[in-house]
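Contents: one structure, followed by commentary.
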Amino acid sequence: MSHLSASLPDLDRDLLIESDLWQSLEDLEAVIDRALAAGLAYVTKEEGIAFLPECELSLVFTDDAAIRTLNADHRGKDKATNVLSFPIDEEADPFGPMLGDIVFAYETVERESRDLGVEIRDHLTHLCLHGFLHLLGYDHIEPDEADKMESVEVAILAQLDLPNPYEGTVPLESLD
1 MSHLSASLPD LDRDLLIESD LWQSLEDLEA VIDRALAAGL AYVTKEEGIA FLPECELSLV
61 FTDDAAIRTL NADHRGKDKA TNVLSFPIDE EADPFGPMLG DIVFAYETVE RESRDLGVEI
121 RDHLTHLCLH GFLHLLGYDH IEPDEADKME SVEVAILAQL DLPNPYEGTV PLESLD
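Numbered as in the UniProt record's numbering, the sequence shown ends at 176 without a single skipped number.
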């Protein structure tokens, strides 16, 4: 259990490591706990999101093959992806007790971190926050929603002294 502060709800997280590839990241739990603590604190204070006193989420650490199956079954996209979120109720008020599941694919996360020239821990922190925000109803399908979600991600990452992962990328509205 992560005790974040007296003013924040407890956030229980259940980690399931399905792929041994994740064993190479010795401080996996610390990375996830840091990201979730920062995300929970930010959305509670800055976004006014309310949570029940004890909330829970599951984090699954798998591989490209498993996440490809999930992506095909749930999103109709037959390809691996870095992270998938499965919210229990993305419109809850307050949120909890169960928030949902976040699933990560090692090979994609590792490859993206290498391609981006960032530490895998920093990329995983971003993806954890991204998945957490999806559990709370944030999305990036429409440009205005994407702007909002990205601004929250960037603000939380800045509090963790991590750079803006969207800097230098093409805005969604300019893509065809």
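Positions of the beta carbon are idealized from the N, C-alpha and C atoms, including for glycine.
Remember, predicted model here, so these are calculated numbers, not experimental data.
- Could you please give the first and the last residue of the uninterrupted beta strand (DSSP E) stretch that includes residue 152? Taking the sequence shown and counting its residues from 1, the one referred to as residue 152 is at position 152. No beta strand (DSSP E) holds residue 152; the alpha helix (DSSP H) holding it covers 143-159.
- Query: Pick from 16, 155, 48 and 166: whose alpha carbon is nearest that of residue 38?
  - Reply: Your numbering for residue 38 matches position 38 in the sequence shown. Comparing Cα positions, the closest option is 155.
- Secondary structure, beta strand (DSSP E): runs of 3+ residues fully inside the stretch 19-71: Look at the stretch 19-71 and you find these whole runs of beta strand (DSSP E), each 3 residues long or longer: 54-62.
- Given a cut-off of 9 Å, decide if residue 121 and residue 31 are closer than it, judged by their beta-carbon atoms. Stepping through the sequence shown from its first residue, residue 31 is reached at position 31. Stepping through the sequence shown from its first residue, residue 121 is reached at position 121. Between residue 31 and residue 121, the C-beta spacing is below 9 Å.
- Message: Just to confirm, is the Cβ distance from residue 61 to residue 18 under 9 Å?
- Response: As a first step, residue 61 must be located in the sequence shown, where it is residue number 61. As a first step, residue 18 must be located in the sequence shown, where it is residue number 18. Between residue 61 and residue 18, the C-beta spacing is below 9 Å.
- Query: In chain order, what residues of the same chain lie with their CB nearer than 6 Å to the CB of residue 35, ignoring the 5 residues before and after it?
  - Reply: For the purposes of this step, residue 35 is taken as the residue at position 35 of the sequence shown. Non-local C-beta neighbours of residue 35 in its own chain, meaning closer than 6 Å and more than five positions away in sequence, comprise 125, 128 and 129, ordered along the chain.
- Task: Could you check if residue 113 is buried or exposed, using at least 16 other CB atoms within 10 Å of its CB as the buried criterion?
- Result: By one-based count along the sequence shown, residue 113 stands at place 113. That one is buried.
- Inter-stretch contact at 8 Å, needing at least 3 Cβ pairs: the stretch 37-53 / the stretch 76-90: No, they do not touch.
- Item | Per-residue burial, residue 64 [other beta carbons within 10 Å of its own, 16 or more giving buried] | Numbered from 1 along the sequence shown, position 64 holds the residue referred to as residue 64. Buried, since its Cβ has 16 or more Cβ neighbours within 10 Å.
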